[in-house]
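Trainee: This is the structure I have questions about; it appears just below.
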Amino acid sequence: MKEIRFIHTADLHLGSPFTGMKGLQKEQWKRLKDSTLLAFDRLVDYAVEQRPDFLLVAGDIYDGENRSLRAQHRFQTGMQRLADEGIPVLISHGNHDHLSGKWTRFELPSNVHVFGAEVSRKTLAIRGMDVAISGFSYGERHVKESKVKEYLPAENRDAFYIGMLHGSLEGETAHAVYAPFTKNQLLEKNYDYWALGHIHQRQELHADPPIVYPGNTQGRHRGESGTKGFYDVRLSKSGAKLEFIQASVLQFDEVEVDCSGAVHMNELLEACSSSANRFAEQCGPAALALKLVNLDAEALELIQEIPEEELLEAIRESVEAQDTFMLVQRVSAARGNEGGELSPIAEEIIAKMDSWEIGDWKTVLKDLYRHPKSGRYLEPLETGAAEEVKSLAAEKIRRSLGMGLNS
Numbered sequence: 061m062k063e064i065r066f067i068h069t070a071d072l073h074l075g076s077p078f079t080g081m082k083g084l085q086k087e088q089w090k091r092l093k094d095s096t097l098l099a100f101d102r103l104v105d106y107a108v109e110q111r112p113d114f115l116l117v118a119g120d121i122y123d124g125e126n127r128s129l130r131a132q133h134r135f136q137t138g139m140q141r142l143a144d145e146g147i148p149v150l151i152s153h154g155n156h157d158h159l160s161g162k163w164t165r166f167e168l169p170s171n172v173h174v175f176g177a178e179v180s181r182k183t184l185a186i187r188g189m190d191v192a193i194s195g196f197s198y199g200e201r202h203v204k205e206s207k208v209k210e211y212l213p214a215e216n217r218d219a220f221y222i223g224m225l226h227g228s229l230e231g232e233t234a235h236a237v238y239a240p241f242t243k244n245q246l247l248e249k250n251y252d253y254w255a256l257g258h259i260h261q262r263q264e265l266h267a268d269p270p271i272v273y274p275g276n277t278q279g280r281h282r283g284e285s286g287t288k289g290f291y292d293v294r295l296s297k298s299g300a301k302l303e304f305i306q307a308s309v310l311q312f313d314e315v316e317v318d319c320s321g322a323v324h325m326n327e328l329l330e331a332c333s334s335s336a337n338r339f340a341e342q343c344g345p346a347a348l349a350l351k352l353v354n355l356d357a358e359a360l361e362l363i364q365e366i367p368e369e370e371l372l373e374a375i376r377e378s379v380e381a382q383d384t385f386m387l388v389q390r391v392s393a394a395r396g397n398e399g400g401e402l403s404p405i406a407e408e409i410i411a412k413m414d415s416w417e418i419g420d421w422k423t424v425l426k427d428l429y430r431h432p433k434s435g436r437y438l439e440p441l442e443t444g445a446a447e448e449v450k451s452l453a454a455e456k457i458r459r460s461l462g463m464g465l466n467s
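Numbered according to our numbering, the sequence shown spans residues 61 to 467.
In structure tokens form, the structure reads like this:
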């Protein structure tokens, strides 16, 4: 049975600024800032070791249109390593690293093919088999129209056909909608595989043929929790086998800390340290949000008396004594059965925020995003980012107007 093997990755977001991280030590900040680059190194290391027939990068190699010098150099170095091993790489740039950005250009080695702004096809010869790969790069940041109609359908049954598309399934609300498509539109092309990008949560939209998002290679905030990576794909005319390969060097997540019976601060700190340590043993390095649960009335009162930053600093120092890298981003508390109630005004404000859709958040935050200085550093306001803002705002409201706790 004829078979090809390739790596499907997307959304590397090299050079991600990790905005909003406060109170970090120098080494913590460096580990966080380098995480997307280290995840990329893992991708290249795997490809060099496994020697697939080719590698597909379906958009957003870089985090911004003004690609950082360091990120570009890291990518060029990785591409040269793959060139030295004779591994072709096909790239389609996405909305974050579109072709209209301004950057200091690096010359990529000859093994790299970059799709232009119009849909085109590149054919590879793999062990006597033709592999026709179609794709395009974003010519500008916002590609709102569907591009699927521009993909030529498959016409040779003996060849393999792959489509690369950085875009959104119609009706998707978790991310900004770019280059929208429907599953039926893709299936009508009779391709053997669709390599998607843009959505940071890995998912398989269709099994036969595979229509796949690999997710991003490294989480960048709590909304991108869990392990991240890419797919090692073995494709034949009878089907495909996809193996997920972890690339992320640290994991974003939330962990509940059982505080049953804790009435003194040293007991709370020990509970936080133990919970973080257990997570590290299971999952490795991480950036965590800790949620204190099962607090009795006395412990609730103890936490209320401590400024938020001071509590976070103490917990960080307790956790940092461990060998594994563990960053505590934030700490919140769940009200126990004996806890007090939120004030009516706090309840009303939080309930109002819970009812907001993405359009409401854009209206509320429009002045911030339009500001000439702050706007350029902000992530696009998509559903994941809005949920993060809502969570932080609700916690602040609870601290200011209610119990100071997160329900």
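Ideal Cβ placement from N, Cα and C applies to all residues, glycine included.
Among the candidates E373, S76, V449, whose CA atom is the shortest distance from the CA of D420?
Mentor: Checking every option, the nearest Cα to that of D420 belongs to V449.
Trainee: Among D190, S194, T137, which residue has its Cα nearest to the Cα of P476?
Mentor: This structure does not reach residue 476, given that the chain is present from 61 up to 467, and the question cannot be answered.
Trainee: So V179 packs on F196, CB below 8 Å; how close in whole Å?
Mentor: Right, the Cβ-Cβ distance comes to about 4 Å (below 8 Å), so this counts as a contact.
Trainee: Going by DSSP, name the residue or residues bridged to T69.
Mentor: Partner(s): V117.
Trainee: List the residues that DSSP assigns as beta-bridge partners of Q311.
Mentor: Answer is A346, bridged to Q311.
Trainee: Going by C-alpha distance, which of E341, R282, L150 is nearest V388?
Mentor: Among E341, R282, L150, the Cα nearest to that of V388 is on R282.
Trainee: Under a three-way DSSP split, which group does E373 fall into?
Mentor: DSSP places E373 in helix when its eight states are reduced to three.
Trainee: Taking the continuous alpha helix (DSSP H) assigned at T137, which residues delimit it?
Mentor: That run of the alpha helix (DSSP H) goes 129 to 144.
Trainee: Could you have a look at M189 and say whether DSSP puts it in helix, strand or coil?
Mentor: Correct three-state label for M189: strand.
Trainee: Can you give me the start and stop residues for the beta strand (DSSP E) that R390 sits inside?
Mentor: First-last of the beta strand (DSSP E) with R390: 386 to 393.
Trainee: Quick check on DSSP: helix, strand or coil for A267?
Mentor: Coil.
Trainee: Does any CB atom of chain C fall closer than 7 Å to the CB of F78?
Mentor: In the displayed structure, chain C is absent; only one protein chain is listed.
Trainee: DSSP state of E361, grouped into three classes?
Mentor: E361 falls in the helix class under three-state DSSP.
Trainee: By how many angstroms is the C-alpha of V323 removed from the C-alpha of E401?
Mentor: With a pLDDT of 47 at E401, under the threshold of 50, the modelled position of this residue cannot be trusted; read the value that follows with caution. Computed Cα separation, rounded: 20 Å.
Trainee: Under a Cβ-count criterion, where at least 16 other Cβ atoms within 10 Å of its own Cβ denotes burial, should L74 be classed as buried or exposed?
Mentor: By the 10 Å Cβ count, L74 comes out buried.
Trainee: Whose C-alpha, out of D113, S392, R65, K351, is nearest the C-alpha of A143?
Mentor: Out of D113, S392, R65, K351, D113 has the C-alpha closest to the C-alpha of A143.
Trainee: My output table needs one value for Y198: the three-state DSSP class, helix, strand or coil.
Mentor: The answer is coil: DSSP assigns Y198 none of H, G, I, E or B.
Trainee: Closest to D94 by C-alpha separation, out of A107, R65, R134, would be which residue?
Mentor: Residue R134 is the option with its Cα nearest to D94.
Trainee: How is M61 classed by DSSP in three states: helix, strand or coil?
Mentor: Note: M61 maps to coil in three-state DSSP.
Trainee: Which of the three DSSP states, helix, strand or coil, is assigned to S160?
Mentor: Of the three classes helix, strand and coil, the one that applies to S160 here is coil, per DSSP.
Trainee: Can you give me the Cβ contacts of E200 inside the same chain, cut-off strictly under 7 Å, excluding the 5 residues immediately before and after it?
Mentor: H158, S160.
Trainee: Can at least three beta-carbon pairs, one atom from the segment 299 to 317 and one from the segment 345 to 357, be found at a separation below 8 Å?
Mentor: Touching, per the Cβ criterion.
Trainee: Where P345 and G146 are concerned, what is the direct C-alpha to C-alpha distance, given to the nearest angstrom?
Mentor: Going by the C-alpha atoms only, they are around 33 Å apart.
Trainee: Under the rule that 16 or more other beta-carbon atoms within 10 Å means buried, what is F175, buried or exposed?
Mentor: With 16 or more Cβ atoms within 10 Å of its Cβ, F175 is classed as buried.
Trainee: Are at least three pairs of beta-carbons, each pair with one atom in the segment 62 to 69 and one in the segment 181 to 195, less than 8 Å apart?
Mentor: The segment 62 to 69, when compared against the segment 181 to 195, does touch it at the 8 Å Cβ threshold.
Trainee: Short of 6 Å in beta carbon distance, which residues of its chain neighbour V237, apart from the five on each side in sequence? Order them along the chain.
Mentor: Around V237: S228.
Trainee: So A254 is in the alpha helix (DSSP H); what residue range does that whole segment cover?
Mentor: Reading off the sequence, residue 254 comes out as Trp, not Ala. Note, W254: premise wrong, no alpha helix (DSSP H); beta strand (DSSP E) at 253 to 257.
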